[in-house]
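Peer 1:
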């Protein structure tokens, strides 16, 4: 089996971004479920990882995903004030704000890592936001900055 | 008045304070700077006897952040039963800030510590001077008037002091240790009362205006030579984790190679860990064997916490650092929203 480099992948027309989504168990995961049972169409590029809370998402997860070759990352949790653990998403929000600025400062294109809130009742919103995130990542092309040479 | 006379005055008063602290048994040990073994350097020293006080020096080469020696607790700083010794610590502005921040994080107890405050006027950027000197042999480096004088074999060169100090010292706003009203007991020597720091961060505005590609190229060029020796981590007073994330091997989070991807991940996560904690002492850049100047990342961190959470680390021992706290109304303009 030959290994495709990122450039080759970009050239090949069938390139489609792979996006990893960390969804909180209590809101966004249920929101994704609602989008599913309501038969709302959203791009199949996202692969979902269920986490207990958006506060569980360590910045390592996000950067590790990028180094492992995911083209985009989505992190979604409960709206502020709705956290199952009272303040998990508020703690996470500060962390993400700083990580987001640092990523931009290091030259990672804005839009590669996306943060959002989606509650369990917002299947429609979840689908819209995922569509938006996927479009953003598609416009940016394959993630090759963190690609290892060896 | 030239820098050298000012330094001599500071040195004399510092020794005087140290002598009286030790002879009156107010402290058991004094941590300070002494002359380095090679030119253009200084070493940290721990003094327990009054007669050794004259070994203490103060000049513009004292780049180590001495707060590093308090955390984790090292055997020299504990009595035979493992209890706390009373410590006097020679502090320029950034050492004082580090001490206050470490106290906020409950790593040290300021009751046992006497801060010997020193007004610092900038640390010589050794990498920059070394670059100018090249291969020539240096005997002595000293500040004189408004110049840095480098004396060596068959040559003597002068560099303007203001240009050849660390980038962080050029924009430093806290020259001597900050004290709040309730900390004045711990502070001796020259300390200043400071409640907030005003900064416009003009020095990184140019970099921030660049496009993502340009930024990435800059960061790539900057960090390319990093050998992952972790000298920056070892010199940092805030890096006191028992197990650093790069040393974790169950599971291995990040590669240990010197591939660019691994290097940038290390510096990115280290920056993340220092957000709201970094006291901008510049020790990481000073000790880098490859001469990498990390000040641009340091400044960015300062800017983020200042602009987002109006926080400056190590000024106030009552306010919680931003990463330890949260507010319902924190800004979230970066979050994805429906149109």
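Residue numbers (my numbering), protein chains in the order written: chain A, 36 to 185; chain B, 2 to 340. Here a beta-carbon is modelled for each residue, glycine too, at the ideal position from N, C-alpha and C. Please read all numbers here as calculations on a predicted model, not as lab measurements.
1. What did DSSP end up calling residue 34/B once you bin it into helix, strand or coil?
2. Which residues in the same chain have their Cβ closer than 6 Å to the Cβ of residue 176/B, if we skip the five residues on either side of it in sequence?
3. Are the beta-carbon atoms of residue 48/B and residue 75/B separated by less than 7 Å?
4. When the distance is taken between beta carbons, is residue 52/A closer than 7 Å to residue 80/A?
5. Within 10 Å of its beta-carbon, does residue 253/B have 16 or more other beta-carbons around it, so buried, or fewer, so exposed?
6. For the region 295-312 of chain B against the region 200-219 of chain B, do three or more pairs of beta-carbon atoms, one drawn from each stretch, fall closer than 8 Å, so that the two count as touching?
7. Which residues, taken in chain order from the region 271-297 of chain B, show a beta carbon closer than 7 Å to some beta carbon of chain A?
8. Can you check whether the CB of residue 92/A is closer than 7 Å to the CB of residue 121/A?
9. Report the residue from 97/B, 62/B, 212/B whose alpha carbon sits nearest the alpha carbon of residue 195/B.
10. Starting from residue 1/B, trace the alpha helix (DSSP H) both ways and give me its first and last residue.
11. Give the range of the beta strand (DSSP E) segment to which residue 152/B is assigned.
12. What does DSSP give as the partner residues of residue 89/B in its beta bridges?
13. Along the alpha helix (DSSP H) that carries residue 58/A, what are the first and last residues, could you check?
14. Is residue 174/A buried or exposed, if buried means 16 or more other CB atoms sit within 10 Å of its CB?
15. Is it buried or exposed, residue 84/B, if we count other Cβ atoms within 10 angstroms and call 16 or more buried?
16. Compute the distance between the beta-carbons of residue 62/B and residue 134/B, then report whether it is under 7 Å.
17. So is residue 325/B buried or exposed if we call it buried at 16+ other beta carbons inside 10 Å?
18. So, helix, strand or coil for residue 130/A, using DSSP?
19. Around the Cβ of residue 313/B, are there at least 16 other Cβ atoms within 10 angstroms (buried) or fewer (exposed)?
20. With 7 Å as the C-beta to C-beta threshold (strictly closer), list the residues of the region 48-68 of chain A near chain B in chain order.
21. Can you tell me whether DSSP reads residue 193/B as helix, strand or coil?
22. According to the neighbour-count rule (16 or more other Cβ atoms, all chains shown, within 10 Å of its Cβ), is residue 157/B buried or exposed?
23. Alpha carbon to alpha carbon, what distance is there between residue 199/B and residue 174/B?
Peer 2: Result, derived from the coordinates:
1. strand
2. 94, 120, 121
3. no
4. yes
5. exposed
6. yes
7. 272, 273, 276
8. no
9. 97/B
10. Because chain B in this structure spans residues 2 to 340, residue 1/B falls outside the shown range and cannot be described.
11. 148-153
12. 31/B, 115/B
13. Element bounds for residue 58/A: not the alpha helix (DSSP H) but the beta strand (DSSP E), 54-59.
14. exposed
15. exposed
16. no
17. exposed
18. helix
19. buried
20. none
21. strand
22. exposed
23. 8 Å
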